[in-house]
Amino acid sequence: MPRYQSIVLLCTSLFSWIVLSLTQKHTMVVHTSHGPISGTQEIALGKHIVSFLNVQYGKAPVGQLRFSPPQEPDSWKETRNCTELALACYQLKDKTIPGFEGTEMWNANTRLAEDCLNLNLWAPVDAVNVPVLVWIFGGGYYYGSPSLELYRGDYIAAYGNVIVVNINYRLGPNIRLFGGDPSKVTIFGESAGAASVSLHLAAPGSWKYFRYAIMQSGAFTSSWASRPKEKLKETSMTLAEMLNCRRGTVSETLRCMREVDADKVQQTSEKLVADFLSSSFTPVSEDKNFLQQNLDDIVKQGRFKRTSVIIGTNADEGSFWLPTYFPNWFNSTSDGKVSYVEFMRSLRVAFKWLPEDVRRMIASHFIHNKLELLSADASSLARFPFIYRDALSSIIGDHYFVCNIFTERSTANPWPKWMGVMHGYEIEYVFGMPLRHPELYTKEENEFSKSIMDYWVSFARNG
1 MPRYQSIVLL CTSLFSWIVL SLTQKHTMVV HTSHGPISGT QEIALGKHIV SFLNVQYGKA
61 PVGQLRFSPP QEPDSWKETR NCTELALACY QLKDKTIPGF EGTEMWNANT RLAEDCLNLN
121 LWAPVDAVNV PVLVWIFGGG YYYGSPSLEL YRGDYIAAYG NVIVVNINYR LGPNIRLFGG
181 DPSKVTIFGE SAGAASVSLH LAAPGSWKYF RYAIMQSGAF TSSWASRPKE KLKETSMTLA
241 EMLNCRRGTV SETLRCMREV DADKVQQTSE KLVADFLSSS FTPVSEDKNF LQQNLDDIVK
301 QGRFKRTSVI IGTNADEGSF WLPTYFPNWF NSTSDGKVSY VEFMRSLRVA FKWLPEDVRR
361 MIASHFIHNK LELLSADASS LARFPFIYRD ALSSIIGDHY FVCNIFTERS TANPWPKWMG
421 VMHGYEIEYV FGMPLRHPEL YTKEENEFSK SIMDYWVSFA RNG
C-alpha cells in the first residue's frame, strides 16, 4: 500500500481490535494494532465521552524520515498514556498583536515537536455505528494545531452522537469496533484544512477512505493553496543554501538538511519570502504519488470523487488579513479608516503582479459597488470615510475566497465590529463553543451553534 495514504487511513486502520475497560479513575484502555493506549472518560452536555489524546499514527519524522512520506509507527507493549493534548508540529507563531486574544487563539497551545504525527479523538462511550468526522485544521500550512481550544471535539461528539478525530500533519473497517461506521467517514476542514480536503477529493488513492467532504473557506483552486513543483523546488534549494546544505546532488542536500537541528530549520525557514497570503511551502500541484497528475488537468477532466460536498466562505474573509499585512492602518482597536493613497498602496502590496492600470480598474469597480450599496455616488466619498477600508477587505476576500457566504458574527469575537465575520470565525459554532462557554455568548448564538452542528452531523450521517 502506498505510504502517502497513511494519514487517510488513520480513522480506518489505526485500531485493528479494541477492548475498553473502565477503571476507578475513569480511564479507558484501548488495545490497538500497535499497542495499548489509555484515555479518559469525561462528561459533555450530560453525556459520557471518551477522549484519546496525542495518539501516534505515524513514526516520528526525524532523522532519515524528515522530509519523507509518513511511516507506520513501531509497535509497543506498555500502555501509553493518551490523556494530554497532542503536541504541535514545528511552526511559526502569529506575532501580529502579541497578547491579543484574536491572534493568540490561533497559536499552538502545546509544546512544539518534530515527533508530531499524532491525533486527538473523542467518541461517545455507547457509540454504535455512528458517523465519523475527521477535522483538518487550517493555518496556511505554516501554523496550527489539532489541540486548540477552538477545535475540541467533545461537545460536537456529545451533541451529534458522532466520533470526532483531529489530526496533526507536517506543516478503515476497524473503526466499527470503536463504535464508528466505516461507510460514513466525513473529512472537513477550514482554510488550508479545507484546501487539504479538496485535494483528497482529487486524489484517487484517498477516495475509498471517506464518504463526504466539508470545505470551510478554502479549496485547492485558491491561489494560495498549492504551487508548481518547479517553484517549490526552487524554494527548497533556497532554504538549503540558507542552511549551508546546498550540495551537488539532491540526496546529498537532503542528507545535510536532515542533520540540521529542527529549531534552526524552523527559524531559517521563517526568513523565506512568500507571496501575499501564502506560505513558502504548500502542497505541490503535480506529483506521481498522491494526485497522480497535474491539478489543472484534473479540473479540466472533472476527475474528482463523486460525492456530497458542503463548501462556503464567510462574509468578511478579507478583513482577517488586514492587521497582518497592513499593521500601520489596521489593528485590534483601530476603526480602519484609510485614505485613497493608503488604499492604493495596500493594493500594490496585495496584488503586486498586476499592472497599475488593472489595479486602478479593480479599485474603481469595488469603490463604486460600495457606493451603490449606500445609494451614493463618487461625489459623496467624503461622507463615507470607510469606503476604502471596506473595498480593500472585499477585494482580498473575493480574490482568495469565493463561495456561499456565512454571516453570523458572534458577541465573543474580540476584533472590532467593522471587521465583520472574518476568516475562521465560523469554527466556534461548528465545534459548539457557545455551549461550552455560555457566559460568552447569547442564547440565540447558543441555538445557532446547535443548528450548525445539526447541519454538519446530519450531512455526515446522510449526505
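Under the UniProt record's numbering, the first residue of the sequence shown is numbered 1, with each subsequent residue one higher.
Glycine included, each C-beta is placed from N, C-alpha and C at the ideal position.
What are the uninterrupted segments assigned as beta strand (DSSP E) that are 3 or more residues long and contained completely in the segment 287–363, given in chain order? 309–314
Can you grab the Cα-Cα spacing for the pair residue 290 / residue 239, in whole Å? 24 angstroms
Per DSSP, the bridge partner or partners of residue 187: 134 and 213
Backbone secondary structure at residue 283 - three-state DSSP: coil
Going by C-alpha distance, which of 428, 459 and 438 is nearest residue 137? 428
Residue 97 by DSSP, collapsed to three states: which one? coil
Judging by CA-CA distance, which residue of 303, 114, 232 and 317 is the nearest neighbour of residue 205? 303
Assumed close pair residue 121, residue 165 - CB separation to whole angstroms, cut-off 8 angstroms: 5 angstroms
Using the C-alpha atoms, what's the distance from residue 425 back to residue 368? 28 angstroms
Sorted by chain position, which residues of the same chain lie with C-beta nearer than 6 angstroms to residue 285's C-beta, five sequence neighbours on each side aside? 226, 228 and 295
Apart from the five residues on each side of it in sequence, which residues of its chain come closer than 6 angstroms, Cβ to Cβ, to residue 60? 115
My output table needs one value for residue 62: the three-state DSSP class, helix, strand or coil. coil
In angstroms, rounded to a whole number, what distance separates the CA positions of residue 156 and residue 410? 18 angstroms
Continuous beta strand (DSSP E) stretch holding residue 27: start and end: 27–31
Within a Cβ cutoff of 7 angstroms, which residues of the same chain sit near residue 23, ignoring the five residues on either side of it in sequence? Low confidence applies here, because residue 23 scores a pLDDT of 42, under 50, leaving its location unreliable; read the following figure in that light. Excluding positions up to five away in sequence, the list is empty.
Within the segment 210–251, note down every full beta strand (DSSP E) run reaching 3 residues or more, in order along the chain. 212–216
Neighbourhood of residue 448 by C-beta, 8 angstroms cutoff - its chain only, sequence neighbours within 5 removed: 408, 429 and 434
For residue 41, the first and last residue of its enclosing beta strand (DSSP E): 36–44
Drop a sphere of 10 angstroms on the beta-carbon of residue 91, count the other beta-carbons inside from all chains shown, and report buried for 16 or more, exposed for fewer. buried
Looking at residue 97: is its Cβ nearer than 9 angstroms to the Cβ of residue 332? yes
Rounded to whole angstroms, what is the Cα-Cα separation between residue 245 and residue 293? 30 angstroms
With 16 as the cutoff for other CB atoms within 10 Å, does residue 21 come out buried or exposed? Confidence at residue 21 is low in this model, with a pLDDT of 44, below 50, so the placement of that residue is unreliable and no value is reported for it.
Residue 291 Cβ short of 8 angstroms to the ligand GDP heavy atom set: Among the ligands in the structure shown, none appear at all, so the ligand GDP cannot be discussed.
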